[in-house]
Structure formats: structure tokens, C-alpha cells
Amino acid sequence: MKVTIVGAGKLGYKLAELMVMDDIDVTVIDHNQKTLDFVNEHLDVLTVLANGIEINVLKSLGIHRYDLLVATTNSDETNTLICSLAKKLGCKTTIARIRNPDYMEQLDFIKHELGIDYIVNPDLATAQAMEKYLLKNYNFYSDEFVSGKVQMIDFNIEHMKEFVGKKLMELENFQGLLITAISRNGELIIPNGSTELLANDTIYVIGKTTDINNLNNRISKDIINKEVERVMILGGSNIGYYLAQKLAKDNILVTLVEQNKERCKELSEALEDILIIHGDGTDIHLLEEEGISSMDAFVGATGFDEENLLMALMAKQSGVPKTIAKISRENYTKIIDRLGIEVALNPIHITASEILKVIRGGKIVSVSLLLGGDGEVTEIIIGKDLPIVGKSLEELKLPKGIIIGVIVHNGEVIIPNGKTRIHANDRIVVFCLSDNLPTLKMFFKSQKGGILSELWNRAKGTR
Amino acid sequence: MNYGIVLRVLGSILMLEALFMVPSLLISFYTGQVDRFAFLITIIITGITGIILNRRKTPDRHIRPKDGLAIVTIGWVLVSIFGALPLYISGSTSTYIDALFEIVAGFTTTSAIIVSDVESLPLGILFWRSFTNWIGGMGILVFTLAILPALGISGFQLFKAETPGPIAGKFVPRIKDTAKILYGTYITITIIEVVLLMLGGMSLFESIVYTFGTVATGGFSIKNASLGAYNSNYIHFIVGLFMILSGVNFSIYYSLFKGRWKEILRDEEVKLYFVIILLAAIAIGINLYKTSYTSLGLAFKDSFFHVGSVITTTAYYTTNFDLWPAFSKSILLLLMFIGGCAGSTAGGMKIIRILIIFKVIKRDVLKIFHPRAVSPVKLNSRILPSETIARIYSFAGLYLILFALSTILISLEGIDLVSASSAVIASLSNIGLGFGIVGPMKSFSDFSQLSKLFLSLLMLLGRLELFTLVALLAPKNWKREI
Numbered sequence: 001m002k003v004t005i006v007g008a009g010k011l012g013y014k015l016a017e018l019m020v021m022d023d024i025d026v027t028v029i030d031h032n033q034k035t036l037d038f039v040n041e042h043l044d045v046l047t048v049l050a051n052g053i054e055i056n057v058l059k060s061l062g063i064h065r066y067d068l069l070v071a072t073t074n075s076d077e078t079n080t081l082i083c084s085l086a087k088k089l090g091c092k093t094t095i096a097r098i099r100n101p102d103y104m105e106q107l108d109f110i111k112h113e114l115g116i117d118y119i120v121n122p123d124l125a126t127a128q129a130m131e132k133y134l135l136k137n138y139n140f141y142s143d144e145f146v147s148g149k150v151q152m153i154d155f156n157i158e159h160m161k162e163f164v165g166k167k168l169m170e171l172e173n174f175q176g177l178l179i180t181a182i183s184r185n186g187e188l189i190i191p192n193g194s195t196e197l198l199a200n201d202t203i204y205v206i207g208k209t210t211d212i213n214n215l216n217n218r219i220s221k222d223i224i225n226k227e228v229e230r231v232m233i234l235g236g237s238n239i240g241y242y243l244a245q246k247l248a249k250d251n252i253l254v255t256l257v258e259q260n261k262e263r264c265k266e267l268s269e270a271l272e273d274i275l276i277i278h279g280d281g282t283d284i285h286l287l288e289e290e291g292i293s294s295m296d297a298f299v300g301a302t303g304f305d306e307e308n309l310l311m312a313l314m315a316k317q318s319g320v321p322k323t324i325a326k327i328s329r330e331n332y333t334k335i336i337d338r339l340g341i342e343v344a345l346n347p348i349h350i351t352a353s354e355i356l357k358v359i360r361g362g363k364i365v366s367v368s369l370l371l372g373g374d375g376e377v378t379e380i381i382i383g384k385d386l387p388i389v390g391k392s393l394e395e396l397k398l399p400k401g402i403i404i405g406v407i408v409h410n411g412e413v414i415i416p417n418g419k420t421r422i423h424a425n426d427r428i429v430v431f432c433l434s435d436n437l438p439t440l441k442m443f444f445k446s447q448k449g450g451i452l453s454e455l456w457n458r459a460k461g462t463r
Numbered sequence: 001m002n003y004g005i006v007l008r009v010l011g012s013i014l015m016l017e018a019l020f021m022v023p024s025l026l027i028s029f030y031t032g033q034v035d036r037f038a039f040l041i042t043i044i045i046t047g048i049t050g051i052i053l054n055r056r057k058t059p060d061r062h063i064r065p066k067d068g069l070a071i072v073t074i075g076w077v078l079v080s081i082f083g084a085l086p087l088y089i090s091g092s093t094s095t096y097i098d099a100l101f102e103i104v105a106g107f108t109t110t111s112a113i114i115v116s117d118v119e120s121l122p123l124g125i126l127f128w129r130s131f132t133n134w135i136g137g138m139g140i141l142v143f144t145l146a147i148l149p150a151l152g153i154s155g156f157q158l159f160k161a162e163t164p165g166p167i168a169g170k171f172v173p174r175i176k177d178t179a180k181i182l183y184g185t186y187i188t189i190t191i192i193e194v195v196l197l198m199l200g201g202m203s204l205f206e207s208i209v210y211t212f213g214t215v216a217t218g219g220f221s222i223k224n225a226s227l228g229a230y231n232s233n234y235i236h237f238i239v240g241l242f243m244i245l246s247g248v249n250f251s252i253y254y255s256l257f258k259g260r261w262k263e264i265l266r267d268e269e270v271k272l273y274f275v276i277i278l279l280a281a282i283a284i285g286i287n288l289y290k291t292s293y294t295s296l297g298l299a300f301k302d303s304f305f306h307v308g309s310v311i312t313t314t315a316y317y318t319t320n321f322d323l324w325p326a327f328s329k330s331i332l333l334l335l336m337f338i339g340g341c342a343g344s345t346a347g348g349m350k351i352i353r354i355l356i357i358f359k360v361i362k363r364d365v366l367k368i369f370h371p372r373a374v375s376p377v378k379l380n381s382r383i384l385p386s387e388t389i390a391r392i393y394s395f396a397g398l399y400l401i402l403f404a405l406s407t408i409l410i411s412l413e414g415i416d417l418v419s420a421s422s423a424v425i426a427s428l429s430n431i432g433l434g435f436g437i438v439g440p441m442k443s444f445s446d447f448s449q450l451s452k453l454f455l456s457l458l459m460l461l462g463r464l465e466l467f468t469l470v471a472l473l474a475p476k477n478w479k480r481e482i
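Top to bottom, those sequences are chains A and B. Following our numbering, the numbering of the first sequence begins with 1 at its first residue and continues without gaps. Following our numbering, the numbering of the second sequence begins with 1 at its first residue and continues without gaps.
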């Protein structure tokens with residue numbers, strides 16, 4: 001597969017990185033030499049120094065031989081135009097990133113008229129993810145598989161102090177659940193029975209939805225578990241705007257704090273039923289005045305990762321049960337788990353996952369990555385012609401970085417052991433470190449080139 | 001520095017080298033000459049060392065720029081050290097230093113010779129010498145990249161450090177595929193030339209050896225009189241043609257294969273390369289005809305062949321050009337500095353750098369008259385970043401400084417200035433042939449052991465384009481982090 005990415009910003013770079021891991025031939029076009037030098041030193045891709053909007057550039061690349069073009073320059077208009085040109089020149093599929101809310105109403109028209117196949121909006125996608133989390137009863141980030149029959153949650157071990165210092169096989173009351181991974185000091189570890197749990201580990205637990213619910217209740221005993229009614233959003237960026245709009249529709253009381261007066265006016269014009277506060281969101285007095293301690297949730301959605309993280313921590317300190325921070329850069333990925341913020345969402349990862357869905361094909365429910373892409377969870381339907389059909393897990397000899405978390409056989413959820421056999425049409429949920437992705441593909445890809453046999457379903461929280 | 005990956009890649013390189021020696025081993029066993037056991041022993045030693053190094057565990061597979069430098073530089077030194085063993089063990093050279101000099105000259109495609117009577121050497125050794133030409137021409141690491149999947153993602157550092165020219169670029173997304181295309185092109189050109197030479201009456205062995213020398217722009221011969229030993233215009237023409245073709249950037253052949261003619265015709269470097277060859281050859285041809293030659297045709301034949309031979313830094317010769325008039329020799333000396341195109345197997349400063357230097361001069365002259373003129377330096381209608389230009393200038397500066405200082409050092413041998421300076425430039429530009437005592441039919445055997453080592457270092461410096469080696473030798477870099 002051949003892919004062109006125009007614009008090597010944060011999203012473009014992340015996409016290129018993920019695609020190279022997926023064994024895709026990537027060409028990156030950017031007009032900044034420095035950016036391209038960086039890409040060249042870190043990724044095995046072809047870089048082209050040019051303006052992607054020039055027809056000659058696309059032609060000389062032979063864009064008609066490409067399967068996909070993703071336009072991620074910082075201008076919505078440029079992205080639209082590039083995709084449209086590429087499509088007309090014969091590129092099979094095009095994806096444009098469009099962020100301006102003004103265009104959101106007319107996306108279908110744009111797509112249809114200009115021949116763009118997919119439009120991704122990182123801000124909207126992030127707002128949707130935030131909304132999903134806020135409306136759920138869980139206090140922890142979770143993801144659903146096999147149409148809701150299987151769930152995975154992750155939480156810091158400090159919520160279950162009795163687990164600290166124990167080996168996995170010694171855990172009590174843990175039937176029907178499986179710890180697929182441990183995030184320790186920013187590294188993902190695939191555990192086995194004799195792995196010991198340490199303080200400050202974040203564990204990823206997978207199991208039947210009912211079992212996960214019980215676990216959630218056990219952990220949340222000490223946490224007030226009530227529905228979200230009041231939300232404070234810090235920052236009236238696009239994400240803040242989309243989120244406020246969505247929450248208002250869900251009849252939630254939203255307070256939005258924004259520093260820029262002009263922006264406040266714009267927001268108050270565009271949004272109904274939202275309390276918009278003009279002021280410095282990092283001013284704790286202001287937040288207290290606006291009743292931060294009575295909030296059910298706090299969302300840090302300014303343009304600064306540091307501000308979002310620190311203010312989410314501050315809110316946590318003031319007793320807000322749910323806190324979310326928007327994080328755009330990778331810098332903090334490895335320490336966030338230890339900070340005690342429930343959810344840190346990265347628009348880049350969310351968007352990248354959405355685009356990966358398109359690339360992998362099939363009916364994908366949700367795609368996202370663990371720890372900034374160090375690992376992923378995949379839901380696969382076992383095709384008849386796969387070589388692994390009829391084999392037990394022992395016989396498969398999967399590498400250490402791949403764990404089959406759940407097998408759903410005839411609608412029954414099984415937490416497998418070495419003797420469990422894989423049958424055709426089973427659905428399995430696999431946890432996999434990104435280093436092992438090619439191996440995973442080898443195991444579960446149909447030899448004939450996959451007739452629906454692979455239903456890739458990457459999942460889980462952008463941590 | 002990431003020692004694990006450095007040692008591991010070095011191990012792979014040595015294992016490859018052991019493999020590269022197998023054809024020579026087979027030849028030596030077939031002919032039953034004295035070099036049989038030399039190859040057997042070397043292959044065992046090299047292979048085992050390689051396997052030991054390669055068994056290192058490498059949790060971190062990322063090759064950072066510094067690691068890339070270390071791998072390329074140490075890699076080249078190691079293959080030379082091990083590659084010299086057969087020559088020494090078989091007694092082809094009297095000392096190990098001589099063997100090392102000869103094999104460094106092989107890998108760097110310098111092909112300066114120590115043994116003046118090459119015809120006395122066993123066939124296996126002759127093949128090995130020429131084969132080092134061939135491998136070194138396109139690059140040991142480029143070959144490693146083409147066949148080793150493990151290096152994939154971070155291989156660009158290695159590629160950049162080994163490929164000649166100021167702007168190393170891939171032409172397909174994956175470094176592995178780029179390396180494969182390069183070697184594919186290289187092998188294709190090699191096969192074509194072997195066939196053409198055989199049609200000209202050479203034996204298979206001879207045509208392979210001379211092809212290696214030509215396409216790698218190396219120049220190792222198996223006759224004492226180089227190509228002068230073959231009295232055939234056809235062979236001279238084929239070798240001359242392929243020398244000049246091998247001095248062209250190999251990515252051009254990929255564009256050719258892809259049918260992108262426009263790109264090739266627009267390429268300023270290639271255009272300048274052929275213009276220089278044409279002008280130099282015509283000037284020398286007329287000069288020769290006016291002075292010593294009686295036939296215009298012969299004058300132009302000799303002038304074209306030797307201009308091609310010198311500018312591509314191959315250094316095959318059909319006649320003793322040291323006897324030519326000073327005008328012709330001066331032009332050849334100038335060509336020795338220039339060298340071939342970037343991304344080719346040729347040495348020297350590379351046409352592209354000369355081109356850019358002249359463009360900057362032109363710009364600066366314009367600036368004298370119009371101080372406020374905005375005129376960025378462009379190459380193939382693209383603006384060059386000022387860092388690239390600065391790098392080219394410091395490269396040229398370093399090249400000349402090295403040349404001057406080395407000439408002073410070499411002249412301590414008590415030889416004339418022309419011999420000393422041409423010995424230095426012959427090494428630095430990877431030509432292997434100069435004037436005076438290092439001219440045609442002569443050899444480097446009279447130099448002292450120390451000078452031979454020093455000249456070997458110059459060859460490596462020239463092949464790896466100065467900065468790779470200089471950066472690693474700079475003591476400050478070592479103090480900061482090893």
C-alpha cells in the first residue's frame with residue numbers, strides 16, 4: 001500500500017510513524033526543510049520538499065498510483081483543495097483534516113462536490129471522546145468490544161491497595177478477569193502469572209462486562225459515584241466549543257472559562273444555555289468563585305498541555321471526581337498515568353486512529369492506541385481459512401508481546417487458557433505491543449489476502 | 001552511544017565480508033595456487049568475529065546520527081583490516097601494512113597499487129582486489145541495508161554517511177528498497193559490461209575483473225600496463241563509456257527506468273558533468289595533436305579515455321599520460337579534484353559541489369553591483385538551504401586544507417612536488433594514479449610504511465567524504481559522550 005501525507009505536523013508525523021509500523025510505503029510532502037530533515041532522521045519514509053497544492057508536484061509523484069492521500073496541513077482550505085486535486089488526478093482515496101466549525105454544517109456537500117472521501121476533525125473527535133467518557137458511569141476510562149459484551153478498563157493500582165505487592169496468580173476475587181498489560185514508569189509490560197504488582201502501576205483489565213462492572217464497583221467504593229450534572233470547561237478552543245455544544249444537548253450545566261474577550265463573544269453567539277466566563281482559567285480564585293468544588297467534572301481544553309494538566313490536577317485536589325486533560329504533545333505521555341488524572345486525551349492520537357480505521361478497512365467500531373501507540377487492542381473475527389483455526393493457544397506459540405484477552409465462542413465470553421482452542425467465526429480480543437504488530441498480522445491475516453477475515457479493531461485510551 | 005546496535009551491525013558487516021570472500025576462495029581452490037589457505041583462514045577468522053559481535057543483545061534498535069557515524073567509519077576500517085589478511089597470509093605483499101594499503105585502496109575504489117608486478121599475483125587474490133573495488137564502489141553498508149531487514153527504520157543514518165554527495169536522498173519510501181534499487185542498477189550495469197567485454201574477446205575472468213574496476217570507478221587491473229595491454233579500440237571504448245556512465249548519479253538510472261526523461265534533461269549536475277568532460281577532452285585532444293600526436297583520431301581517443309578515467313577517478317590508462325604536455329596534465333590534475341557526480345561510485349569533490357560553489361560566486365558578484373538583490377542559490381530550480389551551502393563550502397575548505405597539509409607531510413619522503421601532491425590527491429579523491437613516481441606503470445611501493453598508512457587514511461577520508469571520519473576523530477566529541 002502506498003500513502004502520501006501532505007504536511008508533516010504533529011498529526012502528519014504520527015500518522016507516518018504508525019503507517020511505517022504497519023508496513024505501508026509512506027511519502028511525506030512538506031515545504032519546510034527542517035521538518036523534513038527531522039522526519040528523515042526518525043522515520044523510514046520518502047520526503048518531498050514541495051508545496052503539496054501544486055499539481056505538478058502531485059503529478060511527478062505519480063499520485064494516481066497511490067492508494068491514499070491524507071492532507072494535514074494547517075489550513076483547512078489547502079487540505080480540501082489538495083484532496084480534491086489528488087482525487088481528480090486519480091488517487092484512490094483522500095482524507096482531509098478540517099477543523100473550522102464553520103465548515104462542519106456543509107461537510108457532506110464539500111465531500112460530495114469536491115470528491116473527498118473522508119474528513120477528519122480532531123477537535124470534534126476529541127470532544128466526542130470526552131462526551132462519551134463524561135456520560136458513562138465509570139470513574140475510569142474504558143472501552144467496549146464485541147458489541148458491549150466485553151470491556152476493558154484501566155486504573156491506577158492505588159485504588160486497590162490490597163493488590164500492591166502481589167503476584168498476578170495470587171490475586172483474589174479476580175475470576176473471569178485478565179490483566180492484559182501493566183503500564184509502569186511509562187513502559188508497557190505484558191505480565192505473566194508471576195509478575196508482581198507494584199505501587200503506582202496502571203493495570204489494563206479485560207473481561208465480561210458484568211465482571212468488569214463488579215470490579216468497577218469494588219474499586220469505586222470510596223469514590224462518590226453519581227451522574228455528571230455540572231461540568232467546567234477550561235478554554236474556549238474548538239474542542240471546548242464542540243464539547244460545550246454536545247453537553248448542552250445532553251442537558252448538562254456547562255461553565256466555560258475563556259480568556260479572550262472576543263472569543264467569549266463569539267462563543268456566546270454560537271452557543272445556547274452555556275455559562276461563559278471571561279477570565280484567566282489558571283486563576284484559582286476565579287475557579288473557586290465559579291464553584292469548581294461543586295463540579296462533577298473538569299475538562300482542561302486550552303491550547304497548552306501544561307495548563308490543562310496542572311489545572312486538571314488542581315481540580316482533582318478541589319474534589320472534582322472526573323478530570324480530563326487535552327494533551328497534544330507526546331512529551332508527557334509517560335508520566336500522565338502517575339499524575340492521578342483519570343483521562344488525558346490526545347487529539348492527534350484520536351485522529352490518527354480514525355485514519356488507521358480507514359486504512360485497515362472492515363467494519364471498525366473504534367480505534368485508538370495505548371500509551372501513545374506503544375500498544376493496541378484489536379478485535380478480530382477468525383476466518384475459516386486462517387491457519388490458526390482449530391489450534392489451542394499453546395500450539396500457537398504467540399510471542400510475548402501478544403496476549404489473547406478474550407475469546408467469544410458462540411456468543412459465550414471465555415477468558416482463555418493455554419488449552420483453549422480457536423474456532424472459525426470466533427471473535428477474539430487481542431492485546432499487542434506495537435513491536436509485535438507485524439507478527440500479529442502474520443498470525444491473523446488470511447493467506448488468501450483476507451476476505452473479511454480480518455476485522456481490525458484497535459482500541460483503547462489515548463494514554 | 002548505542003554500543004549494542006553498533007557492534008551488532010559491525011558483526012553483520014564482517015559476516016558479509018566473509019561471504020564476499022567465498023568466490024575468491026573457490027577461484028583459488030580451482031586454480032590450486034598459494035592463496036587457497038589464505039582465504040580459508042581469513043574467512044574463518046572474519047566469520048567467527050562477525051558472529052560473536054552479531055550475537056549482542058540489542059534492546060534499543062535506534063541508530064542515532066552518532067551511532068551511524070561510528071558504524072560507517074569503524075565498519076570501513078574493520079573490513080579493510082580483515083580484507084587485507086588474504087594478501088598478507090598468501091605472501092602477495094611483503095608486509096601487513098602493504099596489504100592494508102592495497103585493500104583500503106580497493107574498498108575506497110582508489111586502486112593505488114603496491115605490487116608493481118600484478119601479473120605475478122595469484123588469481124584468487126586478483127579477484128578479491130577487484131571485488132573490493134566493486135563492493136566499495138556502491139558501499140558496504142548500502143549492501144547491508146539492502147539485505148538486512150533489521151536495520152530498516154534507522155538505516156537512513158548509515159545511508160547518509162556512506163553515500164557520496166552533499167544531499168543524500170531516497171527515491172522510494174523505504175531505505176531497504178532504495179538500497180535494493182541502487183544495487184539492482186549496479187548489478188545490471190555490471191552484467192551488461194561483462195557481456196560486452198566478452199564480445200570484445202576478453203576471457204570471462206578478465207572481463208569480470210575489468211568490469212568491477214570500471215563500474216566501481218576503481219581501476220584495479222590484472223595487467224602491468226593496465227588497459228594498455230589490450231590493443232583493441234573496442235575494449236577501450238566500452239571501458240571508457242562505462243567509466244563515464246558510472247560517474248553519473250545512479251538515481252538518474254532509476255528515473256530513466258521510470259521513463260522520467262524530463263527530470264534527467266533538467267538535472268544540472270549531470271549536464272555540467274558531460275560539459276566538463278567534453279570541454280576537457282577537446283582541449284586536451286587539440287593540445288596533444290598540436291604537440292606529439294600525429295593522428296587527430298588517436299589524440300581524441302586518448303584524451304577522451306583519460307579525461308573519463310580521471311574525472312570518474314577510475315584511473316585506467318591506455319598510454320602513459322605522464323609524458324603529455326604540461327597543459328594537458330594541468331587539466332587532468334584539475335579533474336582529479338572535481339571527481340564525478342554525487343550518488344555515483346566516483347570520488348573527488350563531486351560535480352554538484354563545484355556547481356554550487358560557482359553559483360554562490362555568481363550570486364556574490366551580483367551582490368556587489370546590487371547589494372539589496374534577493375537572489376537565493378537554486379539547484380534544479382529549487383532554493384538550497386543556506387546550511388547546505390555552508391556545509392559545501394566547509395567541505396571544499398577542508399578538502400583543500402587536507403590536500404595542502406598532506407602534501408607537506410608526504411614531501412618529507414624526499415620526492416618532487418608534483419609526485420607528492422599528486423600522490424595526495426590521488427588518495428584523497430580515490431583515483432590511485434597521479435604523475436611522477438605515482439604515474440602510470442608506477443606504484444606506491446617506494447613510500448615508507450608510515451606514509452602508506454597516512455595515504456590509506458586519506459583514501460578513507462575521501463571515500464567517506466571527510467566529515468564522517470573527521471567528526472568521529474574530533475576529540476571534543478569523544479570527551480562529551482562515548
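Don't be surprised by glycine CBs; every beta carbon is placed ideally from N, CA and C.
Top-ranked residue by Cα proximity to residue i, from the options
i, options, result
"B:L265", "B:S116, B:I252, B:T188", "B:I252"
"B:T144", "B:L245, B:I276, B:W76, B:F82", "B:W76"
"A:T282", "A:L398, A:I233, A:L69, A:V146", "A:I233"
"B:E102", "B:G218, B:P376, B:R382", "B:G218"
"A:C83", "A:G115, A:G193, A:N417", "A:G115"
"A:K167", "A:S194, A:K2, A:K334, A:H64", "A:S194"
"B:L428", "B:I277, B:T110, B:F82, B:R372", "B:T110"
"A:T4", "A:K59, A:I292, A:K34", "A:K59"
"B:L379", "B:I45, B:D177, B:P166", "B:P166"
"A:V28", "A:D211, A:T73, A:L177", "A:T73"
"B:I352", "B:L245, B:I392, B:Q33, B:T178", "B:I392"
"A:L11", "A:V70, A:D22, A:N32", "A:V70"
Proximal residues of chain A, C-beta to C-beta of residue i below 7 angstroms
i, result
"B:V270", "None at all; the shortest Cβ gap to chain A is about 17 angstroms."
Chain-ordered chain A contacts of residue i [CB-CB under 8 angstroms]
i, result
"B:K156", "In the sequence as displayed, the identity of residue 156 of chain B is Phe instead of Lys. Going along chain A in sequence order, the residues near B:F156 (Cβ under 8 angstroms) are N40, E41, D44."
"B:V65", "According to the sequence shown, residue 65 of chain B is Pro rather than Val. Per Cβ cutoff of 8 angstroms: E41."
Cβ separation of residue i and residue j, assumed to be a contact under 8 angstroms, to the nearest whole Å
i, j, result
"A:L36", "A:A16", "Incorrect: roughly 11 angstroms between the Cβ atoms, too far for contact."
"B:M349", "B:F358", "In fact, because the Cβ distance is near 12 angstroms, the residues do not count as touching under 8 angstroms."
"A:T94", "A:D117", "5 angstroms"
"A:V499", "A:V231", "Outside the modelled stretch of chain A, which goes from 1 to 463, sits residue 499 of chain A, for which no answer is possible."
"A:V39", "A:Y13", "6 angstroms"
Neighbour list for residue i in chain B, Cβ cutoff strictly below 9 angstroms
i, result
"A:D25", "V172, P173, R174, D177"
Per-residue contacts from residue i into chain A (C-beta, under 9 angstroms)
i, result
"B:P376", "Neighbours of B:P376 on chain A: none; closest Cβ ~12 angstroms, over 9 angstroms."
Listed by chain order, chain B residues near residue i by CB distance under 8 angstroms
i, result
"A:Q33", "P385"
* To do: Give the residues from the region 164 to 175 of chain B that approach chain A closer than 7 angstroms (Cβ to any Cβ), ordered along the chain.
  => Listed by position, the residues of the region 164 to 175 of chain B near chain A (Cβ gap below 7 angstroms) are K170, V172, P173, R174, I175.
* Determine, using beta-carbon pairs with one atom in the region 21 to 30 of chain B and one in the region 110 to 126 of chain B, whether at least three such pairs fall under 8 angstroms. => Because the criterion of three Cβ pairs below 8 angstroms is met, the region 21 to 30 of chain B and the region 110 to 126 of chain B touch.
* Decide yes or no for the touch test of the region 274 to 288 of chain B against the region 297 to 312 of chain B: beta carbon pairs closer than 8 angstroms, at least 3 of them. => The answer is yes - the region 297 to 312 of chain B touches the region 274 to 288 of chain B, with three or more Cβ pairs under 8 angstroms.
* Asked: Below 8 angstroms, can you find three or more Cβ-Cβ pairs linking the region 458 to 467 of chain B to the region 115 to 123 of chain B?
  -> Look at the beta carbons and you see the region 458 to 467 of chain B not touching the region 115 to 123 of chain B: under three pairs across the two are nearer than 8 angstroms.
* Asked: Would you say the region 309 to 324 of chain A touches the region 338 to 353 of chain A, given that touching needs at least three Cβ pairs under 8 angstroms?
  -> The answer is yes - the region 338 to 353 of chain A touches the region 309 to 324 of chain A, with three or more Cβ pairs under 8 angstroms.
* Specify whether the region 419 to 435 of chain B and the region 328 to 347 of chain B touch according to this definition: at least 3 beta carbon pairs, one from each stretch, less than 8 angstroms apart. => The region 419 to 435 of chain B, when compared against the region 328 to 347 of chain B, does touch it at the 8 angstroms Cβ threshold.
* **Segment contact, 8 angstroms Cβ cut-off, at least three pairs: the region 392 to 406 of chain A with the region 426 to 440 of chain A** => Output reads yes: the region 426 to 440 of chain A touches the region 392 to 406 of chain A.
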